[in-house]
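Enquirer: Residue numbers for the sequence shown follow the UniProt record's numbering, so the first one is 1 and each next one is one higher.
Here's a structure for you.
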Amino acid sequence: MVLTVKDLITTSNIHDLKVICGKEEMNREIKGIKIIEVENIEKYLRGGELILASFLVYQDCTSSQFEEHLKKILQLNVAGFVVKTRDGFEKYKFKYDILKKYCREGNIPLLEISSKESFWNIIRYVLKEVYDDDRGQLKYHKLMNDNFKALVFDNNASPKEIIELLSMIIENPIELYYDDFNCLDLENKKDTKLIRNQQIVEFDPGIISKYHYKKQVYQDFNQYIILITTIYQANINIVINEKKRKLVDLDFIAIENAIDTLRYSFTFEFARNEIKKKYHKDIIYNMINSQLNYNQTTEAARMLGLKEDEYYRIVSFHSIQENKEGIYTEEQLDEIELITREISSFYPNEHIYKNVTQIIMLQKMDSDKEDQKSLERIQNLLKLVRNNILHRNKEIDFDIGIGQIVKGYRNLQLSYKQSIIAMNFMSSARRITGDQNKSIVHYSKLGFLQIFAEIENPDKLLKYIPGSVLKLYEYDHKQNSELVLTLESYLRNNLSIKKTSEDLCIHYRSVSYRLDKIVDITNINFHDSVEILAIKNGLIIYEMSKKLRN
1 MVLTVKDLIT
11 TSNIHDLKVI
21 CGKEEMNREI
31 KGIKIIEVEN
41 IEKYLRGGEL
51 ILASFLVYQD
61 CTSSQFEEHL
71 KKILQLNVAG
81 FVVKTRDGFE
91 KYKFKYDILK
101 KYCREGNIPL
111 LEISSKESFW
121 NIIRYVLKEV
131 YDDDRGQLKY
141 HKLMNDNFKA
151 LVFDNNASPK
161 EIIELLSMII
171 ENPIELYYDD
181 FNCLDLENKK
191 DTKLIRNQQI
201 VEFDPGIISK
211 YHYKKQVYQD
221 FNQYIILITT
231 IYQANINIVI
241 NEKKRKLVDL
251 DFIAIENAID
261 TLRYSFTFEF
271 ARNEIKKKYH
281 KDIIYNMINS
291 QLNYNQTTEA
301 ARMLGLKEDE
311 YYRIVSFHSI
321 QENKEGIYTE
331 EQLDEIELIT
341 REISSFYPNE
351 HIYKNVTQII
361 MLQKMDSDKE
371 DQKSLERIQN
381 LLKLVRNNIL
391 HRNKEIDFDI
401 GIGQIVKGYR
411 NLQLSYKQSI
421 IAMNFMSSAR
431 RITGDQNKSI
441 VHYSKLGFLQ
451 IFAEIENPDK
461 LLKYIPGSVL
471 KLYEYDHKQN
481 SELVLTLESY
491 LRNNLSIKKT
501 SEDLCIHYRS
511 VSYRLDKIVD
521 ITNINFHDSV
531 EILAIKNGLI
541 IYEMSKKLRN
């Protein structure tokens, strides 16, 4: 089919197309379409193309240089020019005036569209009208590939800029979500989750595709979900919301090219962040371990963007045990690395540092109080990492010790010490609560136990333990019995023999027998609330002392 400039104006449904000059030549045939992407675009023209021009490419050209390029373009008998006006267009006005002059002299159609209109609508229309489907898709793929690759390799575009360009091209909003369906917010404004309904189905985009698409109806519009894996093995869901207009085959070509570029961008960003993290690692380590003097701490805080009037806390993650030979296996070290990346993806704006056995996060807080969202986010992270560990068939605990919120970067070492204490309290917390899956301990919730948690000499802790508790532990050790375990369960279940028997999965008569034995050994009075409180605390302190000895 022959497509003319007049057809573009009258039948394309492109709004705001304004004829500046060349009205007598509106019947010029459009044989192709090209965006001016480089100064010497004339080398890539065959003749008869409609030229889409924003003068950004020529911003470093002098007027004479611009005229030389323009003359060469006009020698190829182009179909016409479309110029887009936008913010800051005034500084290119003198070059636009040169283009007008040449178009008037040569009676060449010159059209203008406002900043609200997209070049991509014109491109899609021309390709559909001038070429058959296969050739049109091929040329559109080339355009998309050139534009998106230029973003990364020429302009070092961030993932956010790539998503913004794709959203503009397909005229629909786009969101990114982690594998746990929490929003990967590139602007730090959203705290949403991806909701997948039961009617989600496989979707064929109608093009040769490298990616796997799913489709679902959400609210009153279609959602297209594409799962990609980044270089650091983090899965990300790209969600296209078909709110404004229906997607066509060319849109999915744009999406494919954008995903390729997005993966490159994540790779570059990952490499930059790795260099930055290695540099910041030593700074954070020295700050939280009090190895810097006053002036050095001030300079370190400046490098990290920390302030004296803002609130922070240290969160310690994932303590692992060395093997019998006193070393850590390659498998353990690889797992630490993977978990570090997962945490970094989940908390992209926080300072995260790892050593062999631990991962440390310096987290900025909004105030000196932890809000519900912060609590839920930590819980969501725990679920995500645990699920991924399970998916990788690893048998490694993932624990979280949380220090108190402190004001100013000079108090970070205090929060760090508290996070380690909370982490070390984990096994005691599991024993006390009977919850073997417990994996988060807040130092601030230890209450008066903070006093004992900060004692580093296990022998000093023994004087706070009632003699009855020590006698019971000694009896268990000699007789290989389970009286301490029975006592803990009995106290935890509010002195209920029935609940204790259910908890320990033994007959209630066995519980009664063990309780009688406990009384014989210790002379505990279960009706004395003061003594019972001392016993409860003694059991906790004994576990803490045992942890220190190990």
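C-beta atoms are modelled at their ideal positions from N, C-alpha and C, and glycine is treated no differently.
The structure displayed is predicted, hence computed values, not measured ones.
Please list the terminal residues of the continuous alpha helix (DSSP H) segment that includes Tyr130.
Expert: The residue given as residue 130 occupies position 130 in the sequence shown. In the sequence as presented, Tyr is not what sits at residue 130; that position holds Val. Segment Phe119 to Val130, the alpha helix (DSSP H) holding Val130.
Enquirer: Mark Tyr513 as exposed unless 16 or more other C-beta atoms lie within 10 angstroms of its C-beta, in which case mark it buried.
Expert: As a working note, residue 513 is residue 513 in the sequence shown. Its Cβ having fewer than 16 others within 10 Å, Tyr513 is exposed.
Enquirer: May I have the straight-line CA-CA distance separating Trp120 from Gln404, to the nearest angstrom?
Expert: If you number the sequence shown from 1, residue 120 lands on position 120. If you number the sequence shown from 1, residue 404 lands on position 404. Roughly 52 angstroms between the two C-alpha positions.
Enquirer: Just how far apart, CA to CA, sit Lys93 and Asp260?
Expert: Locating residue 93 in the sequence shown gives position 93, counting from the first residue. Locating residue 260 in the sequence shown gives position 260, counting from the first residue. Approximately 36 angstroms between the Cα atoms of the pair.
Enquirer: Check this for me: beta carbons of Val5 and Met26, under 9 angstroms apart or not?
Expert: In the sequence shown, residue 5 corresponds to position 5, counting from 1. In the sequence shown, residue 26 corresponds to position 26, counting from 1. Yes, they are a contact pair.
Enquirer: When the distance is taken between beta carbons, is Phe55 closer than 9 angstroms to Tyr96?
Expert: As a position in the sequence shown, residue 96 is number 96, starting the count at 1. As a position in the sequence shown, residue 55 is number 55, starting the count at 1. Their beta carbons are under 9 angstroms apart, which means Tyr96 touches Phe55 by this criterion.
Enquirer: May I ask you to report which of helix, strand or coil DSSP gives Arg245?
Expert: Locating residue 245 in the sequence shown gives position 245, where the first residue counts as 1. Coil at Arg245, not helix or strand.
Enquirer: Assuming Ile339 and Ile359 are in contact, meaning their beta carbons sit under 8 angstroms apart, how far apart are those beta carbons, in whole angstroms?
Expert: Start at 1 with the first residue of the sequence shown, and residue 339 comes out as number 339. Start at 1 with the first residue of the sequence shown, and residue 359 comes out as number 359. So it is a contact: roughly 7 angstroms between Cβ atoms.
Enquirer: Mind checking which residues open and close the alpha helix (DSSP H) that includes Gln363?
Expert: Along the sequence shown, read from residue 1 onward, the residue named residue 363 stands at position 363. Gln363 -> not in any alpha helix (DSSP H); beta strand (DSSP E) instead, spanning Ile359 to Met365.
Enquirer: First and last residue of the beta strand (DSSP E) that includes Cys103?
Expert: One-based indexing of the sequence shown puts residue 103 at position 103. Segment Lys93 to Gly106 is the alpha helix (DSSP H) holding Cys103; no beta strand (DSSP E) there.
Enquirer: For Glu342, I'd like the list of residues in its chain whose CB is within less than 7 angstroms of its CB, leaving aside the five on either flank, ordered along the chain.
Expert: Walking along the sequence shown from the start, residue 342 turns up at place 342. These residues qualify, in order along the chain: Ala234, Leu384, Val385 and Asn388.
Enquirer: Check each candidate in Arg410, Ile170, Ile123 and Ile521 and name the one with the smallest Cα separation from Glu299.
Expert: Working through the sequence shown from its first residue, we reach residue 299 at position 299. Answer by Cα proximity: Arg410.
Enquirer: Pull up the CB-CB distance for Lys45 and Ile122, whole angstroms please, since I reckon it's below 8 angstroms.
Expert: The residue labelled residue 45 in the question sits at position 45 within the sequence shown. The residue labelled residue 122 in the question sits at position 122 within the sequence shown. In the sequence as displayed, the identity of residue 45 is Leu instead of Lys. So it is not a contact: roughly 17 angstroms between Cβ atoms.
Enquirer: Can you check whether the CB of Glu39 is closer than 9 angstroms to the CB of Leu76?
Expert: Indexing the sequence shown from 1 puts residue 76 at position 76. Indexing the sequence shown from 1 puts residue 39 at position 39. Contact flag unset, no.
Enquirer: Determine contact between the segment 416-430 and the segment 443-453, defined as no fewer than three beta-carbon pairs at a distance below 8 angstroms.
Expert: Yes: the two stretches touch, three or more of their Cβ pairs being nearer than 8 angstroms.
Enquirer: Have a look at Glu308 and Asp435 and give me their C-alpha separation to the nearest angstrom.
Expert: Walking along the sequence shown from the start, residue 308 turns up at place 308. Walking along the sequence shown from the start, residue 435 turns up at place 435. Their Cα atoms are separated by approximately 39 angstroms.
Enquirer: Cα separation between Glu171 and Ser118?
Expert: For the purposes of this step, residue 171 is taken as residue 171 along the sequence shown, with counting starting at 1. For the purposes of this step, residue 118 is taken as residue 118 along the sequence shown, with counting starting at 1. In a straight line, the C-alpha of Glu171 is about 9 angstroms away from that of Ser118.
Enquirer: Could you check whether the Cβ of Lys93 sits closer than 8 angstroms to any heavy atom belonging to the ligand SAH?
Expert: Absence of the ligand SAH from the depicted structure is noted, as is the absence of any ligand whatsoever, leaving it without description.
Enquirer: Going by beta carbon distance, what residues of the same chain come within less than 7 angstroms of Phe221, once the five residues before and after it are set aside?
Expert: The sequence position of residue 221 within the sequence shown is 221, counting from 1. Asn241, Glu242 and Lys243, listed in sequence order.
Enquirer: I want to know whether the segment 467-485 touches the segment 520-537 - three or more CB-CB distances under 8 angstroms.
Expert: Yes: at least three Cβ pairs fall under 8 angstroms.
Enquirer: What residue ranges within the segment 352-433 form continuous alpha helix (DSSP H) runs of no fewer than 4 residues, ordered along the chain?
Expert: Runs of the alpha helix (DSSP H) inside the segment 352-433: 372-391, 412-424 and 426-433.
Enquirer: What residues are listed by DSSP as bridge partners for Glu202?
Expert: Here residue 202 is taken as the residue at index 202 of the sequence shown, counted from 1. Glu202 pairs with Lys214.
Enquirer: Does DSSP put Thr522 in a helix, a strand or coil?
Expert: Residue numbering aside, residue 522 sits at position 522 when the sequence shown is read from its first letter. Note: Thr522 maps to helix in three-state DSSP.
Enquirer: Kindly indicate which residue of Leu306, Asp371 and His318 has the alpha-carbon position closest to the one of Asn349.
Expert: If you number the sequence shown from 1, residue 349 lands on position 349. Ranking the options by Cα distance to Asn349, first place goes to Leu306.
Enquirer: Name the one or two DSSP bridge partners that His442 has.
Expert: Position 442 of the sequence shown, counting from 1, holds the residue named residue 442. In DSSP, His442 forms a bridge with Ile402.
Enquirer: Would DSSP call Gly22 helix, strand or coil?
Expert: In the sequence shown, the residue the question calls residue 22 occupies position 22. Looking at Gly22 - three-state DSSP - the assignment turns out to be coil, as it is neither helix nor strand.
Enquirer: Got a sec? Which residues, its chain only, sit under 8 angstroms from Phe268 by beta carbon, not counting five neighbours each side?
Expert: In the sequence shown, the residue the question calls residue 268 occupies position 268. So the qualifying residues of the chain are Val152 and Asn156.
Enquirer: Go ahead and label Thr486 buried or exposed: buried means 16 or more other beta carbons lie within 10 angstroms of its beta carbon, across all protein chains shown.
Expert: Here residue 486 refers to the residue found at position 486 when the sequence shown is read from its first residue. Classification of Thr486: buried, given that the 10 Å Cβ count is 16 or more.
Enquirer: Starting from Arg492, trace the alpha helix (DSSP H) both ways and give me its first and last residue.
Expert: For the purposes of this step, residue 492 is taken as the residue at position 492 of the sequence shown. Where Arg492 is concerned, the enclosing alpha helix (DSSP H) stretches over Leu483 to Arg492.
Enquirer: Quick one: residues in its chain with C-beta nearer than 8 angstroms to the C-beta of Ile497, no 5 flanking neighbours on either side, listed in chain order?
Expert: Against the sequence shown, residue 497 aligns to sequence position 497. For Ile497, where only same-chain residues beyond five positions count, the Cβ hits under 8 angstroms are Tyr490, Tyr508, Val511, Ser512 and Leu515.
Enquirer: Answer with buried or exposed for Asp368, where buried requires no fewer than 16 other C-beta atoms within 10 angstroms of its C-beta.
Expert: To locate residue 368, count along the sequence shown from 1; it is residue 368. Exposed is the call here.
Enquirer: Rounded to whole angstroms, what's the CA-CA distance from Pro205 to Pro173? Just pull it up for me.
Expert: One-based indexing of the sequence shown puts residue 205 at position 205. One-based indexing of the sequence shown puts residue 173 at position 173. Near 18 angstroms, if we compare the C-alpha coordinates of Pro173 and Pro205.
Enquirer: How big is the Cα-Cα spacing for Ser114 and Pro159?
Expert: Position 114 of the sequence shown, counted from the first residue, corresponds to residue 114. Position 159 of the sequence shown, counted from the first residue, corresponds to residue 159. Whole-angstrom Cα-Cα distance: 27 angstroms.
Enquirer: Would you kindly report the start and end of the unbroken beta strand (DSSP E) that includes Leu504?
Expert: In the sequence shown, residue 504 corresponds to position 504, counting from 1. Here Leu504 belongs to no beta strand (DSSP E); instead the alpha helix (DSSP H) covers Ile497 to Leu504.
Enquirer: With a threshold of 16 other CB atoms inside 10 Å of the CB of Gln296, please say whether the residue is buried or exposed.
Expert: Within the sequence shown, residue 296 is the residue found at index 296, counting from 1. So Gln296 counts as exposed.
Enquirer: Can you tell me whether Gln65 is buried or exposed, with buried defined as 16 or more other CB within 10 angstroms of its CB?
Expert: Taking the sequence shown and counting its residues from 1, the one referred to as residue 65 is at position 65. Burial call: exposed.
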